Every structure is written in C-alpha cells, then in structure tokens.
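Here the sequence shown stands for residues 14 to 472, where the numbers follow our numbering.
No residue lacks a Cβ here, since even glycine has one placed at the ideal position from N, Cα and C.
Please read all numbers here as calculations on a predicted model, not as lab measurements.
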Amino acid sequence: MADEKQRYSMYDLIAKKRDGGQLERPELAFWLQGMLAGSVPDYQTAAMLMAIFWRGLDEAETFALTEEIVASGEQLDLQGLTGVTADKHSTGGVGDKTTLIAMPLAAACGLKIAKMSGRSLGKTGGTADKLASVPGFRLDLPEAELLRQVSEVGLAVVAQNKNLTPADKRLYALRDMTATVDSLPLIAASVMSKKIAAGAQVIVLDVKYGSGAFMPDVDSAIKLAQLMVKLGQSCGRRVTAVLSAMSAPLGAAVGNALEVAEAAEILRQAECAPVSADLRRLCLVLAGEMLYLGGLAANRAEGWRQAEAALQDGRGWAKLLQFLQAQGGDTAALEAGNLVQAAYILPIKADCAGYLAPVDAARVAEIVQFLGAGRERVEDEIDYQVGVRFHKPAGAWVEQGELLADFYASSLLRAEAAERELRSILQILPEPPQLEPLIWGLLDEHGQARPWAELINQQ
Ligand code: URA
C-alpha cells in the first residue's frame with residue numbers, strides 16, 4: 014500500500030465522489046490506510062461508502078480499490094506447492110454446501126486447494142460454521158500446517174486469516190451497518206481482494222441471483238461476474254464464473270450439521286435423492302470447471318467427466334474424510350449417518366395431493382435463523398444441529414400425508430413457531446409449477462456469457 018500520509022483531505026475525497034468524480038489510486042490508498050490507522054474516522058468511511066453506493070466506481074477505480082485492499086494485509090504464498098492451485102467462491106446462498114462437495118472432488122482429481130472460508134454473519138452460517146459442526150475439526154491451522162496439509166492431502170479449509178485483507182474486514186463491517194453492501198463494485202472488490210490474497214492460480218466463481226442472493230436477476234449477476242473475472246485476470250489469475258439461481262434453497266438441507274450430512278450423502282452414494290440432484294450437478298460443474306481452467310482436463314466436458322468419475326468411484330468421499338480427519342475432525346458420526354442430533358425432529362406432511370411449489374430461499378433462511386443456525390452479530394453462538402431438511406424437490410407430485418420436510422429444533426417453543434412458518438411456505442398446487450433451471454450458464458475466460466444449452470452443445 015502506498016504511503017500517503019497527509020497529502021489529501023478525506024472531506025475533499027468524499028465530496029469528489031459525491032459529485033461523481035473519479036478517485037485516483039493514491040487517494041484510495043490514503044483513505045484505506047487512514048481507516049486502518051484510525052486517522053480517518055468511521056463516519057467518514059461510512060460517508061464515502063454511501064457516495065460510492067450512489068455514484069459507483071468505474072473499472073479503473075474498482076481495480077485500484079481491489080489492489081489496495083489486497084495490499085492492506087498479508088498474502089498467502091502458494092508458490093512452493095507442486096501442482097495447480099485452485100479456489101472457488103460462491104457469492105452466497107441458502108443451503109450452499111458446494112465447497113464441501115466440489116472441493117473434495119477437485120482435490121481427488123489432482124488440484125491443490127487451500128481454501129479460506131468465512132464464519133458467516135448471514136442467516137444460515139458460512140462454510141466455516143458448517144465444518145465446525147464436525148467434532149474436533151480445527152479451522153485455525155497455522156500457515157505452515159495449512160501448506161503441509163495441502164501438499165499431502167490436496168485440500169485444507171481454514172477460517173479467514175485475520176492478517177489477510179484487513180481493509181475488507183473493516184469496510185465490510187461498516188457496509189453491513191450502513192446499508193451499502195449491495196453495491197456491485199464494492200462486492201466485486203471485496204470478493205476478489207480476498208481471493209487474490211489467498212493465492213490460487215485458478216479461481217472459479219459461483220455467482221448467484223434470486224431472492225436468496227445479492228443479485229436479483231441473471232443480468233445483474235452477469236455484470237458482477239464480468240467485473241470479477243476481469244479483476245482476477247488483471248491480477249494474473251485464471252477466472253471464470255458459473256451463474257446459478259438462488260431463489261430456492263440449494264439441495265435438501267439448510268442448517269450447519271444437516272448440510273455437512275447432505276454433502277457426505279452425495280459424495281458417498283453413486284445415486285442421489287431427487288431433492289439433491291440439482292446440487293450434485295452444480296458441484297460437478299464447479300469441480301469440472303476448476304479442472305478445465307487448471308489445465309487438468311482438455312475441455313469442459315472432460316472436466317465434468319473426471320469429476321463425475323471421482324464421485325462414482327468413491328474418491329471424492331475418501332478425500333472428504335481424509336481432509337476432515339487431517340484437520341482433527343472426528344468423522345465417526347458422519348460415517349455412521351448420525352452427525353445431526355437435534356432435540357426435536359418434527360415432520361411436515363402434505364395436507365392434500367398435488368404438485369409441490371418451489372419454496373422461497375429468503376423465507377427458509379429466516380426460519381432457519383430463527384431456529385438458531387445463523388448469527389446476527391459476530392459474537393452470537395450458533396446451534397449447529399438445527400435446520401430444515403426437505404424430502405421432495407419443487408415440482409414433484411406428492412400424495413396427501415406424504416413427508417415433505419423435517420425440521421430440527423432445540424426447543425419446542427421455537428419448533429412450534431417455525432412449523433407454522435414452514436407450513437405456510439410449503440404449498441401444494443393443482444398444476445405443475447414453472448421451474449427455473451438451477452444453472453443459467455457460464456461467464457467464460459473471454460468474458461462471454463454462455464447459456465448452459467450452448468455450452469453443452471459445443472462440448
Ligand atoms: N461476500 C463478500 O465477501 N463481500 C461482499 O461484499 C459480498 C459478499
């Protein structure tokens with residue numbers, strides 16, 4: 014980060030952005046340095062964030078902001094590892110356990126993965142929270158141990174290192190409190206600075222859109238993906254983005270231990286339940302894309318085939334166990350199928366026959382948070398055992414009395430309120446509903462948005 018002592022006035026920089034001006038790199042560096050050193054107070058950073066929210070940042074400003082955020086802290090040096098290093102990032106969603114499935118598959122096929130995952134402030138817990146539901150699992154490996162594990166096992170997942178991108182941490186906390194999270198350049202700079210600092214050569218993004226995501230529709234998701242792919246490429250990384258819907262929860266389970274259990278089921282069974290089929294397909298696409306971008310597969314179809322083979326022959330499942338155990342995880346309960354141990358497991362059955370309507374991701378997230386699976390403040394405790402598990406996919410025909418979902422609660426009081434809410438979103442229709450495909454397509458390495466049907470035909 015350039016040293017920019019007192020050359021600028023923060024007041025003038027805020028006014029410049031407020032009036033639609035372009036911030037130069039040294040001005041951005043002055044702001045971020047001052048914010049971290051305490052010479053720029055939070056109220057000025059909050060005002061700057063609001064000015065950026067309304068006025069935006071052009072590409073040059075976004076690139077400079079990203080690089081200055083990277084320069085605000087340490088970077089993970091993966092260059093000593095043999096092989097291709099890869100990472101993935103999802104822009105977030107309800108029931109998103111793709112890391113727990115796609116990463117073991119990609120590592121089983123030869124990629125080297127050192128993944129940093131956040132403890133989420135969201136309603137349903139981040140990947141780090143999901144992994145913390147495995148007894149004994151350590152998220153805090155020191156760097157030398159992390160690198161050794163990646164070298165020996167091919168995969169390690171740790172909590173976000175506090176020394177990486179400290180400017181993002183501060184900015185994100187302030188954005189969260191000032192209604193400035195939903196800004197395209199701020200999201201792109203935040204995500205890509207962390208990915209770049211984490212050091213991987215190959216980065217596959219999963220950019221979500223819909224009611225459970227930041228981006229409301231596919232067009233805005235494509236814009237975000239284009240910016241992030243360009244940002245990564247400008248820092249010398251190979252980057253593409255899968256574009257996928259997040260209007261309904263991903264897969265069957267929402268809740269920390271429940272999601273780890275679903276990931277394990279998908280990896281250990283050649284066939285999966287219809288309710289998990291979309292999730293399984295997305296994980297194969299993400300793992301295959303990493304293999305293709307990493308040069309381990311000649312084309313995308315070959316990447317998907319390799320990932321599918323690792324799933325079918327059990328290498329993905331073996332890799333998940335190996336990586337959990339390497340980080341101190343006791344996998345006995347997971348292997349025995351009883352990781353989830355909630356006090357109350359209550360069924361919801363269909364009260365008439367018909368077609369199951371898609372459930373709304375944002376409302377499921379609220380129910381699961383109410384049950385205790387997410388946190389509102391960083392210091393909040395999470396209940397790993399609670400959540401919801403759906404048994405039927407949207408659009409399925411169900412008979413009266415058939416089991417639609419179970420929900421897992423630790424208190425009867427909460428269970429009763431959650432049950433009412435869940436019943437109100439599980440609707441049965443007389444006609445089959447219109448279903449949105451999970452995967453829209455890909456933003457490829459040339460910045461082209463390619464719908465899925467076109468991709469399949471060209472492979
Ligand atoms: N995830 C991030 O890491 N940053 C954002 O700004 C939004 C989602």
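Bounding residues of the alpha helix (DSSP H) (the contiguous stretch that carries residue i)
i       : result
Met-129 : From DSSP, Met-129 is part of no alpha helix (DSSP H) but of the beta strand (DSSP E) over 126-130.
Arg-433 : 425-438
Arg-313 : 313-325
Pro-445 : Note, Pro-445: premise wrong, no alpha helix (DSSP H); not H, not E.
Leu-141 : Per the sequence shown, the amino acid found at residue 141 is Ala instead of Leu. Taken as a continuous stretch (DSSP letters only), the alpha helix (DSSP H) holding Ala-141 covers 140-144.
Residue span of the beta strand (DSSP E) that contains residue i, given as start and end
i       : result
Ile-476 : Since the first and last residues shown for the chain are 14 and 472, residue 476 lies out of range.
Ser-257 : 251-258
Val-171 : 168-172
Lys-101 : 99-103
Ala-121 : Unbroken run through Ala-121 is the alpha helix (DSSP H), 111-121; no beta strand (DSSP E).
Ala-462 : 462-464
Neighbourhood of residue i by C-beta distance below 7 Å, restricted to the same chain and skipping five residues each side
i       : result
Tyr-21  : Glu-40 and Phe-43
Pro-464 : Trp-453 and Gly-454
Met-205 : Thr-79, Met-241, Leu-244 and Gly-245
Ala-15  : Low confidence applies to Ala-15: its pLDDT is 47, below 50, so where it sits in the model is not reliable, and the reading given next is rough at best. The residues are Pro-39 and Ala-42.
Glu-449 : Ala-258 and Ser-260
Gly-138 : Asn-269, Ala-386, Gly-387 and Ile-395
Glu-17  : Legend: pLDDT at Glu-17 = 49, less than 50; position of this residue unreliable, no value from coordinates given.
Asp-25  : none
Gly-308 : Val-97
Cβ distance (whole Å) where residue i is taken to contact residue j below 8 Å
i       : j       : result
Ile-27  : Ala-60  : 5 Å
Thr-98  : Leu-240 : So it is not a contact: roughly 23 Å between Cβ atoms.
Asp-181 : Lys-207 : 6 Å
Ser-224 : Ala-428 : Going by Cβ atoms, the distance from Ser-224 to Ala-428 rounds to 25 Å, so no, they are not a contact pair.
Ala-5   : Leu-159 : With the chain represented from 14 up to 472, any question about residue 5 goes unanswered, as that position is not in the structure.
Phe-403 : Leu-384 : Incorrect: roughly 15 Å between the Cβ atoms, too far for contact.
Val-252 : Ile-216 : 5 Å
Ala-121 : Arg-250 : Not really, about 23 Å apart at Cβ, beyond 8 Å.
Gly-264 : Lys-110 : 7 Å
Gly-93  : Leu-124 : With a Cβ gap of about 16 Å, Gly-93 and Leu-124 do not count as contacting.
Val-220 : Val-381 : Not a contact, Cβ separation roughly 23 Å.
Cys-365 : Gln-325 : About 38 Å separates the two Cβ atoms, so there is no contact after all.
Ala-211 : Leu-89  : 5 Å
Neighbourhood of residue i by C-beta, 6 Å cutoff - its chain only, sequence neighbours within 5 removed
i       : result
Ser-146 : Asn-269, Ala-270, Val-273 and Tyr-397
Asp-291 : Leu-451
Ala-462 : Ile-235 and Leu-456
Ala-213 : Thr-98, Ala-99 and Asp-100
Leu-334 : Thr-344
Gln-57  : Met-23
Glu-458 : Thr-253
Same chain, Cβ closer than 8 Å to residue i, five either side skipped, listed in chain order
i       : result
Thr-112 : Lys-101, Ser-103, Lys-128, Ser-130, Thr-140 and Val-170
Leu-49  : Ser-85, Pro-179, Ala-180 and Arg-183
Glu-72  : Leu-240 and Lys-243
Ile-361 : Leu-416, Leu-417, Ala-418, Asp-419, Phe-420, Glu-432, Leu-435, Arg-436 and Leu-439
Tyr-368 : Gly-408, Ala-409, Trp-410, Val-411, Ile-441, Leu-442, Pro-443, Glu-444, Pro-445 and Pro-446
Tyr-357 : Tyr-421, Ala-422, Ser-423, Ser-424, Leu-425 and Ala-428
Gly-33  : Arg-68
heavy atom of the ligand PLP below 8 Å from residue i C-beta
i       : result
Asp-109 : Questions concerning the ligand PLP fall outside what the structure shown contains, since the ligands it does hold are the ligand URA.
Neighbour flag for residue i against chain C, beta carbons, 9 Å
i       : result
Asp-419 : No chain C appears in this structure, which consists of one protein chain only.
- For the stretch 31-83, which segments carrying the alpha helix (DSSP H) assignment without a break, of at least 4 residues, lie completely within its bounds, in sequence order? Complete alpha helix (DSSP H) runs here, min 4: 38-50 and 55-68.
- Query: Can you list the beta strand (DSSP E) stretches of 3 or more residues lying completely in the stretch 175-237, in chain order?
  - Reply: 215-222
- Message: Just to confirm the assignment: which complete beta strand (DSSP E) runs, minimum length 3, are found wholly within the stretch 340-419?
- Response: 357-362, 367-369 and 400-403
- Item | Distance cut 5 Å, beta-carbon to the ligand URA heavy atom: residue list by chain order | Ile-200, Ser-203 and Val-204
- Scan the stretch 279-317 and note each continuous alpha helix (DSSP H) run of 4 residues or more that stays entirely inside, going in chain order. Segments of the alpha helix (DSSP H) lying fully in the stretch 279-317: 290-306.
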